[in-house]
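Residue numbers (this note's numbering): 1184 to 1372.
Beta carbons: idealized from backbone N, C-alpha and C, even for Gly.
Below: the structure, in structure tokens.
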């Protein structure tokens, strides 16, 4: 499933499965391929595709829509021409570096993880026990939302700040995000 991590978001690879060094039998692609236009795709092996040739005809009213296909092609061209995968790598590294700098100031920041522009920042109550801080995470997300910066909470305890910005994010955007997060953690942490 490449809906969240595909199309260069990880920075190092165009597809998430490449980073894991596997070759999947089926790959699903959704929202990013249409950049807001409803479009999805499924890719599979010839062997699996042949299993559909069993005499029963498959039909989809919207399958192969030329407008949608043109939009998908344009999205792929923009990703390549504007080097958005490289942007994801470069600015993802900048964000991780900034999160690590904040971690030295705020002991409520636990693990920092992710790749490219698919990042997670764990919030904890105590570095010694690593007790999750879901209330703090939700408060930080709400404060960021007031600043028009969208994070969400994830993880089994909802204490991980998940950040998945647009691939077109700029250096100025990352600086503003880090400065705002610094200010919010100073107030709440």
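### Task
Locate the alpha helix (DSSP H) running through residue 1343, then write down its first and last residues.
Here the question's residue 1343 lines up with position 160 in the chain shown. Careful: residue 1343 lies outside any alpha helix (DSSP H), inside the beta strand (DSSP E) at 1343-1346.
#### Entry: Given residue 1374 as reference, the closest of 1189, 1301, 1194 and 1352 once Cα atoms are compared
In the structure displayed, the chain extends from 1184 to 1372; residue 1374 sits before or after that span and is not available.
### Message
Is the separation between the beta-carbon of residue 1268 and that of residue 1197 shorter than 8 Å?
### Response
The residue given as residue 1268 occupies position 85 in the chain shown. The residue given as residue 1197 occupies position 14 in the chain shown. Yes; because the gap between Cβ atoms is below 8 Å, this pair is in contact.
### Task
Please state whether DSSP places residue 1303 in a helix, a strand or coil.
Counting from 1 along the chain shown, the entry for residue 1303 is found at position 120. Three-state DSSP puts residue 1303 in a strand.
#### Entry: Assumed close pair residue 1324, residue 1344 - CB separation to whole angstroms, cut-off 8 Å
The sequence position of residue 1324 within the chain shown is 141, counting from 1. The sequence position of residue 1344 within the chain shown is 161, counting from 1. So it is a contact: roughly 7 Å between Cβ atoms.
### Query
In angstroms, rounded to a whole number, what distance separates the CA positions of residue 1287 and residue 1310?
Mapped onto the chain shown, residue 1287 falls at position 104. Mapped onto the chain shown, residue 1310 falls at position 127. Near 12 Å, if we compare the C-alpha coordinates of residue 1310 and residue 1287.
### Query
Mapping DSSP to helix, strand and coil, what is residue 1309?
Reading the chain shown from its first residue, position 126 is the one you call residue 1309. Strand, per DSSP.
### Query
For the candidate residues 1272, 1321, 1322 and 1279, whose alpha-carbon lies nearest to that of residue 1295?
Locating residue 1295 in the chain shown gives position 112, counting from the first residue. Minimum Cα distance to residue 1295 is reached at 1279.
### Query
With distances taken from CA atoms, which of 1358, 1360 and 1302 is nearest residue 1193?
Here residue 1193 refers to the residue found at position 10 of the chain shown. That would be 1302, whose Cα lies nearest to the Cα of residue 1193.
#### Entry: Cut-off 6 Å between Cβ atoms - residues of its own chain near residue 1281, not counting five sequence neighbours on either side
Position 98 of the chain shown, counting from 1, holds the residue named residue 1281. Only 1361 meet the Cβ criterion.
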